[in-house]
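Reviewing the structure listed below.
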Amino acid sequence: MNLKTFSRQFDVAVIGAGHAGAEAAHATARMGLRTALVTLSREKIAEMSCNPAIGGLAKGHIVCEIDALGGLMAQAIDATGIQFRLLNRSKGPAVWGLRAQADKLQYSQYVRQWLEDTANISIIEGEAAEVLVEGGAVCGVELADGQRIGVGAVVITTGTFLNGEIHIGERRCPAGRVGEPAAQRLSGCLERLGLRLGRLKTGTCPRLAKDSIDYDRCEEQPGDAEPMPFSTMTDRIDRRQTPCHITYTNEATHELLRANLGRAPLYTGQIQSTGPRYCPSIEVKIVRFANKGRHQLFLEPESLEYDWVYCNGLATSVPQDVQEAMVHSICGLERARIVQYGYAIEYDYIPPDQLGPTLETRAVRGLFLAGQINGTSGYEEAGGQGLLAGINAARAVQGKEPVILGRDQAYIGVMIDDLVTKGVDEPYRMFTSRAEFRLLLRWDTAERRLTPLGREVGIVDNERWYRYCRRSEQAEALRAALATLRVDGAPAEAWLRRPTASWNEFVGKSGLRDAAALDPRVVHQVLTDLRYEGYEERELRAARKLRELDKVRLPAELDYQAVRGLKTESREKFIRHRPMTLGQASRITGVTPSDIMVLMVYLNSQGRAANRSG
Numbered sequence: 034m035n036l037k038t039f040s041r042q043f044d045v046a047v048i049g050a051g052h053a054g055a056e057a058a059h060a061t062a063r064m065g066l067r068t069a070l071v072t073l074s075r076e077k078i079a080e081m082s083c084n085p086a087i088g089g090l091a092k093g094h095i096v097c098e099i100d101a102l103g104g105l106m107a108q109a110i111d112a113t114g115i116q117f118r119l120l121n122r123s124k125g126p127a128v129w130g131l132r133a134q135a136d137k138l139q140y141s142q143y144v145r146q147w148l149e150d151t152a153n154i155s156i157i158e159g160e161a162a163e164v165l166v167e168g169g170a171v172c173g174v175e176l177a178d179g180q181r182i183g184v185g186a187v188v189i190t191t192g193t194f195l196n197g198e199i200h201i202g203e204r205r206c207p208a209g210r211v212g213e214p215a216a217q218r219l220s221g222c223l224e225r226l227g228l229r230l231g232r233l234k235t236g237t238c239p240r241l242a243k244d245s246i247d248y249d250r251c252e253e254q255p256g257d258a259e260p261m262p263f264s265t266m267t268d269r270i271d272r273r274q275t276p277c278h279i280t281y282t283n284e285a286t287h288e289l290l291r292a293n294l295g296r297a298p299l300y301t302g303q304i305q306s307t308g309p310r311y312c313p314s315i316e317v318k319i320v321r322f323a324n325k326g327r328h329q330l331f332l333e334p335e336s337l338e339y340d341w342v343y344c345n346g347l348a349t350s351v352p353q354d355v356q357e358a359m360v361h362s363i364c365g366l367e368r369a370r371i372v373q374y375g376y377a378i379e380y381d382y383i384p385p386d387q388l389g390p391t392l393e394t395r396a397v398r399g400l401f402l403a404g405q406i407n408g409t410s411g412y413e414e415a416g417g418q419g420l421l422a423g424i425n426a427a428r429a430v431q432g433k434e435p436v437i438l439g440r441d442q443a444y445i446g447v448m449i450d451d452l453v454t455k456g457v458d459e460p461y462r463m464f465t466s467r468a469e470f471r472l473l474l475r476w477d478t479a480e481r482r483l484t485p486l487g488r489e490v491g492i493v494d495n496e497r498w499y500r501y502c503r504r505s506e507q508a509e510a511l512r513a514a515l516a517t518l519r520v521d522g523a524p525a526e527a528w529l530r531r532p533t534a535s536w537n538e539f540v541g542k543s544g545l546r547d548a549a550a551l552d553p554r555v556v557h558q559v560l561t562d563l564r565y566e567g568y569e570e571r572e573l574r575a576a577r578k579l580r581e582l583d584k585v586r587l588p589a590e591l592d593y594q595a596v597r598g599l600k601t602e603s604r605e606k607f608i609r610h611r612p613m614t615l616g617q618a619s620r621i622t623g624v625t626p627s628d629i630m631v632l633m634v635y636l637n638s639q640g641r642a643a644n645r646s647g
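Residue numbering for the sequence shown follows our numbering, starting at 34 and increasing by one per position.
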């Protein structure tokens with residue numbers, strides 16, 4: 034295509050400026066590429082469409098990994114969070130989860146300002162209508178107003194906007210989010226490019242006026258007394274903690290909903306697509322868990338600058354009059370005013386088994402997808418994908434090898450491998466249970482695992498690298514000191530492995546020099562390393578075996594019909610998914626160890642045959 038047909042030329046275009054798009058654009062720009070960030074409205078960059086919070090179980094790990102690679106999300110929530118909590122403390126440190134309530138207005142403003150201040154980013158307001166392709170590769174983007182942008186790669190991060198349709202009772206209307214238009218042309222373009230589309234559903238809760246809630250009848254949920262930051266660039270959280278509150282549905286609430294299921298879009302057949310299994314609407318909860326007498330609700334302030342409260346746990350798409358009666362049946366909400374009704378939204382997505390592990394589509398070179406378009410849910414999952422898609426889009430333009438995170442390297446790696454290997458038929462959410470190597474993927478080791486990689490690809494700046502090196506040196510010096518000290522006649526390392534061991538007591542007894550100067554993150558990491566050492570070694574051995582399988586490449590042209598001994602189901606899945614390695618093939622749902630052995634034997638026989646013919 035002639036360059037004269039383009040009004041502007043960039044290296045990469047990112048379509049959509051939500052949490053995935055923000056990370057993708059920031060990554061490509063930091064790597065030195067001229068980046069066009071296309072969004073319907075710059076005022077809605079990094080908008081929190083659903084609950085005003087970042088992190089949680091497993092999700093907090095992803096945020097720490099985004100941070101370690103040089104991304105935005107962790108610093109943004111540290112700067113704009115209004116309540117911080119460390120979840121799951123009753124379990125081992127590997128599955129603790131950092132979570133923070135955000136001031137959603139300040140969060141969006143913070144990310145927008147960061148992107149506006151980042152060199153190489155041009156924010157373009159408009160609707161992307163077409164991805165332009167020549168010779169099987171991306172060459173540009175056409176906007177709805179006819180403007181054409183020339184690019185070497187495109188990252189699509191459109192969230193719920195692709196043919197989005199909102200439902201409240203019998204009412205339905207095209208929208209990407211309440212009050213915002215849907216993107217109605219891009220889906221057709223993607224289909225014409227050979228991509229298979231599906232349809233998913235998500236939903237959100239009613240928002241309530243703060244001054245209409247009787248908080249005296251609710252349980253207060255304070256933040257942590259000493260809040261822990263997400264980002265290693267944040268020394269401490271100084272902001273005043275804002276409490277959330279807890280209340281519950283009751284039998285009256287449930288009876289009201291049961292009486293109105295005939296008006297609920299999820300039960301009338303109006304909504305046909307699949308919603309999130311682990312975050313169901315309240316009308317689904319009262320049917321699925323019919324014996325449960327109440328469901329917990331969290332009243333979460335959306336911002337310090339306006340008085341909306343998010344009623345977490347009450348996602349719904351029942352008619353407005355039913356929402357009013359439902360809310361008023363709940364303790365503390367008897368006089369609550371609804372300022373925005375809950376709704377469900379259906380949207381197009383691209384089943385991610387059509388992507389490679391770089392998040393590039395197999396159908397079109399240079400076309401990358403990230404976020405809800407890949408069938409995931411959650412800001413954190415979107416941000417992690419956006420960052421990796423941005424890195425790989427940039428490296429594709431630069432002619433460099435892609436970055437593929439292993440399952441033993443990052444939760445982001447687990448997520449992407451799950452998506453492209455197994456596909457999804459419902460919104461995907463990250464859990465610690467999805468990772469085989471949870472001890473290796475602790476939230477506090479994200480910097481150690483990923484910051485050198487972030488530095489190598491060009492996202493990690495000098496200040497972050499300096500902090501990483503300083504902490505690494507402290508950790509190494511502390512381990513060396515512990516190897517020589519004794520406490521109460523026992524080696525220091527053995528003493529500290531005791532479940533009841535106290536760091537402050539240890540410092541007092543051991544006389545460890547300069548203990549007060551140590552970064553608390555370093556102390557936590559070294560102590561946890563000590564306590565998990567044997568278990569981590571076991572996981573490392575298992576991870577090495579997995580990596581060996583991942584080193585065995587499967588030829589792109591491999592004829593699975595010619596491989597004798599494969600189960601029919603496995604053969605069909607290999608043909609559909611086209612795994613790139615033996616390890617990836619082994620993780621496809623339904624594939625058995627015997628299928629992998631058959632493939633190994635076949636590959637070896639082909640190798641011997643090739644050697645004989647050579």
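Just so it is clear, CB atoms sit at the ideal spot from N, CA and C, and this is done for glycine as well. From a predicted model like this one, the values you see are computed outputs, not experimental measurements.
Three-state secondary structure (DSSP) at aspartate 583?
helix
I'd like the list of long-range same chain contacts for glycine 647, defined as Cβ closer than 6 Å, with 5 residues on each side in sequence excluded.
Note that glycine 647 scores 48 on pLDDT, short of 50, meaning its location in the model is unreliable and no value can be drawn from it.
Could you have a look at leucine 131 and say whether DSSP puts it in helix, strand or coil?
strand
Here's the rule: buried if 16 or more other CB atoms are within 10 angstroms of the residue's CB, otherwise exposed. What is isoleucine 424?
buried
Where glycine 168 falls, given that 16 or more other Cβ within 10 Å makes a residue buried:
exposed
Out of Asp100, Gly51 and Leu73, which one is the CA nearest neighbour of glutamate 80?
Gly51
Length of the line joining the Cα atoms of isoleucine 383 and proline 85
26 Å
Could you pull out every residue in the same chain whose Cβ sits closer than 7 Å to the Cβ of alanine 616, ignoring the five residues on either side in sequence?
The identity of residue 616 in the sequence shown is glycine, whereas the question assumes alanine. Within the same chain, glycine 616 has close Cβ partners Leu579, Leu582 and Asp583.
Helix, strand or coil at tyrosine 339 [DSSP, three-state]
In the three-state reduction of the DSSP assignment, tyrosine 339 falls in the coil class.
Residues that histidine 278 bridges to, as DSSP identifies them
Glu253 and Leu332
How should phenylalanine 39 be labelled, buried or exposed, when 16 other C-beta atoms within 10 angstroms of its C-beta is the threshold for buried?
buried
Out of curiosity, what's the CA-to-CA distance linking asparagine 644 and valine 634?
No answer about asparagine 644 holds up, because its pLDDT of 47 lies below 50 and its placement is not dependable.
Which of helix, strand or coil does DSSP assign to histidine 52?
helix
Identify the continuous alpha helix (DSSP H) that holds threonine 484 and give its terminal residues.
Judged by DSSP secondary structure, threonine 484 falls within the alpha helix (DSSP H) whose first and last residues are 479-490.
How is the beta strand (DSSP E) around glutamate 167 delimited, first residue to last?
161-167
Run the CB neighbour count on phenylalanine 322, radius 10 Å, all protein chains shown included, and call it buried at 16 or more, exposed below.
exposed
Going by DSSP in three states, arginine 398 sits in which element: helix, strand or coil?
strand
Quick check on the DSSP output: what are the complete alpha helix (DSSP H) runs of length 4 or more inside the stretch 432-458, in order along the chain?
444-455
I'd like the list of long-range same chain contacts for arginine 512, defined as Cβ closer than 7 Å, with 5 residues on each side in sequence excluded.
Val559
Between which residues of its own chain and cysteine 364 is the CB-CB distance below 8 Å, once the five residues before and five after are set aside?
Arg250, Cys251, Thr280, Tyr281 and Asn283
Taking its Cβ as the centre, do 16 or more other Cβ atoms sit within 10 Å of methionine 630, making it buried, or is it exposed?
Within 10 angstroms of the beta-carbon of methionine 630 lie fewer than 16 other beta-carbons, which makes it exposed.
Would you say the stretch 252-267 touches the stretch 113-129, given that touching needs at least three Cβ pairs under 8 Å?
yes
Give every residue of the same chain whose Cβ lies closer than 6 Å to the Cβ of lysine 464, excluding the five residues on either side of it in the sequence, and list them in chain order.
Correcting the residue type first, residue 464 is phenylalanine in the shown sequence and not lysine. Only Ala91 meet the Cβ criterion.
Where aspartate 381 falls, given that 16 or more other Cβ within 10 Å makes a residue buried:
buried
Is it the case that the Cβ atoms of isoleucine 157 and glutamate 149 are separated by a distance below 8 Å?
no
Mapping the DSSP letters down to three states, classify serine 40 as helix, strand or coil.
coil
DSSP three-state assignment for aspartate 111, whether helix, strand or coil
DSSP places aspartate 111 in helix when its eight states are reduced to three.
If you reduce the DSSP assignment to three classes, tell me which class aspartate 547 lands in.
coil
Tell me the residue span of the alpha helix (DSSP H) that contains aspartate 150.
137-150
Using the C-alpha atoms, what's the distance from isoleucine 315 back to methionine 359?
10 Å
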